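If you're matching them up, the sequences are chains A and B in order. For the first sequence, the numbering used here gives the first residue as 1, with consecutive numbering after it. For the second sequence, the numbering used here gives the first residue as 1, with consecutive numbering after it. Below: the structure, in structure tokens.
Number of protein chains: 2
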Amino acid sequence: MPDTTTFDMTCPLPSADATHVTLAHGGGGRRMQQLIETMFLPAFGNPLNAARHDGAVLTFGDVKLAFTTDSYVVQPLFFPGGNIGTLAIHGTVNDLAMCGARPVYLSAGFILEEGLPMKALERIVQSMQHAAADSGVQLVTGDTKVVDKGSGDGLFINTAGIGMIEHDLSIAPAGVQPGDAVLLSGDIGRHGMAIMAVRAGLEFESMIESDCAPVYPLVQALLDAGITIHCLRDLTRGGLASAVVEIAESAHLHIHLDERLIPVREDVRGACELLGLDPMYVANEGRFVCFVPAAAREDALAVMRSQALGEAACCIGEVSADPAGLVTLRSHIGVSRIVDMLSGEQLPRIC
Amino acid sequence: MPDTTTFDMTCPLPSADATHVTLAHGGGGRRMQQLIETMFLPAFGNPLNAARHDGAVLTFGDVKLAFTTDSYVVQPLFFPGGNIGTLAIHGTVNDLAMCGARPVYLSAGFILEEGLPMKALERIVQSMQHAAADSGVQLVTGDTKVVDKGSGDGLFINTAGIGMIEHDLSIAPAGVQPGDAVLLSGDIGRHGMAIMAVRAGLEFESMIESDCAPVYPLVQALLDAGITIHCLRDLTRGGLASAVVEIAESAHLHIHLDERLIPVREDVRGACELLGLDPMYVANEGRFVCFVPAAAREDALAVMRSQALGEAACCIGEVSADPAGLVTLRSHIGVSRIVDMLSGEQLPRIC
Numbered sequence: 001m002p003d004t005t006t007f008d009m010t011c012p013l014p015s016a017d018a019t020h021v022t023l024a025h026g027g028g029g030r031r032m033q034q035l036i037e038t039m040f041l042p043a044f045g046n047p048l049n050a051a052r053h054d055g056a057v058l059t060f061g062d063v064k065l066a067f068t069t070d071s072y073v074v075q076p077l078f079f080p081g082g083n084i085g086t087l088a089i090h091g092t093v094n095d096l097a098m099c100g101a102r103p104v105y106l107s108a109g110f111i112l113e114e115g116l117p118m119k120a121l122e123r124i125v126q127s128m129q130h131a132a133a134d135s136g137v138q139l140v141t142g143d144t145k146v147v148d149k150g151s152g153d154g155l156f157i158n159t160a161g162i163g164m165i166e167h168d169l170s171i172a173p174a175g176v177q178p179g180d181a182v183l184l185s186g187d188i189g190r191h192g193m194a195i196m197a198v199r200a201g202l203e204f205e206s207m208i209e210s211d212c213a214p215v216y217p218l219v220q221a222l223l224d225a226g227i228t229i230h231c232l233r234d235l236t237r238g239g240l241a242s243a244v245v246e247i248a249e250s251a252h253l254h255i256h257l258d259e260r261l262i263p264v265r266e267d268v269r270g271a272c273e274l275l276g277l278d279p280m281y282v283a284n285e286g287r288f289v290c291f292v293p294a295a296a297r298e299d300a301l302a303v304m305r306s307q308a309l310g311e312a313a314c315c316i317g318e319v320s321a322d323p324a325g326l327v328t329l330r331s332h333i334g335v336s337r338i339v340d341m342l343s344g345e346q347l348p349r350i351c
Numbered sequence: 001m002p003d004t005t006t007f008d009m010t011c012p013l014p015s016a017d018a019t020h021v022t023l024a025h026g027g028g029g030r031r032m033q034q035l036i037e038t039m040f041l042p043a044f045g046n047p048l049n050a051a052r053h054d055g056a057v058l059t060f061g062d063v064k065l066a067f068t069t070d071s072y073v074v075q076p077l078f079f080p081g082g083n084i085g086t087l088a089i090h091g092t093v094n095d096l097a098m099c100g101a102r103p104v105y106l107s108a109g110f111i112l113e114e115g116l117p118m119k120a121l122e123r124i125v126q127s128m129q130h131a132a133a134d135s136g137v138q139l140v141t142g143d144t145k146v147v148d149k150g151s152g153d154g155l156f157i158n159t160a161g162i163g164m165i166e167h168d169l170s171i172a173p174a175g176v177q178p179g180d181a182v183l184l185s186g187d188i189g190r191h192g193m194a195i196m197a198v199r200a201g202l203e204f205e206s207m208i209e210s211d212c213a214p215v216y217p218l219v220q221a222l223l224d225a226g227i228t229i230h231c232l233r234d235l236t237r238g239g240l241a242s243a244v245v246e247i248a249e250s251a252h253l254h255i256h257l258d259e260r261l262i263p264v265r266e267d268v269r270g271a272c273e274l275l276g277l278d279p280m281y282v283a284n285e286g287r288f289v290c291f292v293p294a295a296a297r298e299d300a301l302a303v304m305r306s307q308a309l310g311e312a313a314c315c316i317g318e319v320s321a322d323p324a325g326l327v328t329l330r331s332h333i334g335v336s337r338i339v340d341m342l343s344g345e346q347l348p349r350i351c
């Protein structure tokens, strides 16, 4: 029997029981999931199972709130289509939206590195102001820390958010049911390739801009139309593939996707091919999947397409009972294969 | 007229309109206040005036919640009396307590540096679990990011917290009134000197341990006893002096303190003298000031002293109308002087 530990083609990364933190532990894929499941969940107990959703749902009397947090460490701080500040607002309001919550209040914690130009901070703070206004949220509390030069990387931002849940749906992976349609809100891969292009100094024929945007208006339109949403998930680190695999595993159901139905812009596809990346694993910051009963599929698509952000919305697959916990993908050449989460770190510090 | 810009003894630090971020901008004193007032408040508008309090008070129907956030960047990660994890829990629950809120839920955002030993992370996470249990809060949602080696400093943690306000008092700087007594919950300077000693490799006769602790039980005891609390403020970065100056400025009142009434442990005083530091400006993580009507002073002190954490509680001064916005201190030798905020950064990365 060959020694698979010394030469394992399927997993060229540190093992799950790594003695030290690796970039893969922050990649949004399998390694991060293992870190959460072996380190954080045992310590913090069941409530943090919310980590498998995009936020926690809290009840205070008749009031139902969603609560979520994300830190942002993207490099470079400025990129086509946004900066770390817009990301810090949109990322967190999108996590609230994925709980079916209307984003209302945010906190902002800044970790500044000594030597950061004030002008850069000012531009970022102004972007946050605009992004917050666009997203209908108020920044109500904050914190500022400064670390010595060499102990940070310009600027890290954490935002936590509170949103109001104003409906009786239970929107979570556990709500997904066999027969559900899998809807995607638009084309994938733009945020990751925008960052990658600027970081690698690549110039493509057209500038790829991040898709960074607040998605709550689309969710609200679906709710207002009375669509029975079973689950929502935004496609950030780890991309479409990792998000859908996590849902299949949480829901113990089979999700079948059709690659031919998944929109990828030509310039994004070209950039991915050049760099040997699969768009299925590339990060997005303004895209989500939505699980609805098959009977609601066309209505839901019509609602999504009625808004600019959702005009390319499409159905990319469906849910069935077996094989439970697996995602399969029918590829461009008609072959079906099993899709796994991102196992390592494709693009470090993408958000 | 002498050129005060080239040799200004009172302000040997970068000017307020610095072109780059300096450590002083995170010191909890004047420079940080200037950064908040010139950068964050204009962008984020009035609601972030909550930044002058320890958190924001949010109303949802009949439900009144406090919401706060802090990032923790302390070095070293482990110190006598705690670690960055205990600090991240106690610091944020204490900010909620200072709003008069019962801490209920926390989020935790981890920024890990590639190469951090898993064992260290595990110890810290377990400390957080214990600290959360001690504080009566649940960690309900989280996030993990990893930055490449050299772009962080082991571990930064952000926590945001939600607390319930279950009384009708308005506890804030604006609530302070002439005649109020200024109560201090215990001796000052231990957290800062514990960090300083270990960082500088100093060994004193006795080990100085951080005072890091959750203070809500003291606040709850005061509320349960029907004490009319006007304002609460924990004494973190910038120490007692900066906290009281900020309140005097916010409330447009005069606060007079008596240095002889302010408890400082002998070993802490000795360490401060050795290092040329004033305990009034040294950070604490389990101490707060409480403003109450003079008539409630003795009752409030009795309540505080009935608990271990408040056994050294004392009255250290009083509030009057004029000179508005100023803090004065009667020193050990009986001379009164004006107290200002920490103007620079006495001990960087203390929390």
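Backbone N, C-alpha and C define an ideal beta-carbon position, used for all residues, glycine too. These numbers were taken from a predicted model, which means no experiment stands behind them.
Contact annotation: in the stretch 304 to 335 of chain A, no residue has its CB less than 7 Å from a CB in chain B. Among the residues of chain A, none has a CB under 8 Å from the CB of isoleucine 171 of chain B; the nearest is roughly 15 Å distant. Under DSSP, alanine 108 of chain A takes part in a beta bridge, and its partners are A/Gly142 and A/Thr159.
For aspartate 234 of chain A, none of the residues of chain B pass the 8 Å Cβ criterion, the least Cβ distance being about 13 Å.
Distance check between alanine 225 of chain B and each of B/Val282, B/Leu253 and B/Val292 places B/Val292 closest, using alpha-carbon atoms only. Put simply, the backbone Cα of valine 215 of chain A is about 12 Å away from that of leucine 184 of chain A.
With contacts defined as CB atoms closer than 8 Å, glycine 91 of chain A and glutamate 266 of chain A fail to qualify as a contacting pair. Contact between the stretch 225 to 238 of chain A and the stretch 83 to 101 of chain A is present, with at least three C-beta pairs closer than 8 Å. In the three-state scheme derived from DSSP, where H, G and I count as helix and E and B as strand, serine 71 of chain B is classed as strand. Contact annotation: valine 264 of chain A and glycine 189 of chain A have beta-carbon atoms nearer than 8 Å.
Glutamine 346 of chain B is outside the set of residues whose beta carbon lies under 8 Å from a beta carbon in chain A. Counting the other CB atoms within 10 Å of its CB gives glutamate 298 of chain B a total below 16, which places it among the exposed residues.
The beta-carbon of glutamate 122 of chain B is placed less than 8 Å from the nearest beta-carbon of chain A. Within the same chain, and ignoring the five residues on either side of alanine 321 of chain A in sequence, the residues whose Cβ sits closer than 8 Å to its Cβ are Pro178, Leu253 and His254.
Proximity of chain B to proline 117 of chain A at the Cβ level (cut-off 7 Å) is accounted for by Thr19 and His20, in chain order.
For arginine 297 of chain A, the enclosing alpha helix (DSSP H) has its first and last residue at 297 to 305. With a contact defined as Cβ atoms closer than 8 Å, valine 268 of chain B and isoleucine 208 of chain B qualify at about 6 Å.
For proline 103 of chain A, the secondary structure class from DSSP, reduced to helix, strand or coil, is strand.
Here serine 170 of chain A carries a coil assignment [DSSP, helix/strand/coil].
Relative to the Cα of methionine 280 of chain A, the nearest Cα in the group A/Gly238, A/Ala295, A/Gly270 and A/Val303 belongs to A/Gly238. Judged by DSSP in its simplified three-state form, proline 80 of chain A adopts coil rather than helix or strand. For threonine 38 of chain A, DSSP assigns no beta-bridge partner whatsoever. When Cβ-Cβ separations below 8 Å define contact, threonine 228 of chain B makes no contact with chain A. Between alanine 132 of chain B and the set B/Ala43, B/Leu116 and B/Ala108, the nearest pair of CA atoms involves B/Ala108. Around leucine 183 of chain A, no beta-carbon contact reaches into chain B at under 8 Å, the shortest distance being about 25 Å. If you check the CB distance, proline 80 of chain A and threonine 19 of chain B do not come in under 8 Å. Boundaries of the alpha helix (DSSP H) around glutamate 273 of chain B: 266 to 275. Under the 8 Å criterion on CB atoms, methionine 39 of chain B is classed as interfacial with respect to chain A.
Inclusion of phenylalanine 288 of chain B and isoleucine 111 of chain A in the CB contact set at 8 Å is not warranted, their separation being larger than that value. Boundaries of the alpha helix (DSSP H) harbouring leucine 218 of chain B: 216 to 224, taken from the DSSP string. Beta bridge pairing from DSSP links arginine 337 of chain A with A/Leu329. Per DSSP, the beta-bridge partners of aspartate 258 of chain A are A/Arg330. Here DSSP, grouped into helix, strand and coil, assigns proline 117 of chain B to strand.
Closest option to threonine 38 of chain B, judged by alpha-carbon separation, among A/Ser151, A/Gln126 and A/His53: A/Gln126. Within chain B, Thr69, Asp70 and Ser71 have C-beta atoms less than 7 Å from the C-beta of aspartate 143 of chain A, given in sequence order. Residues of the stretch 156 to 171 of chain B whose Cβ lies closer than 8 Å to any Cβ of chain A, in chain order: Phe156, Asn158, Ala160, Ile162 and Met164.
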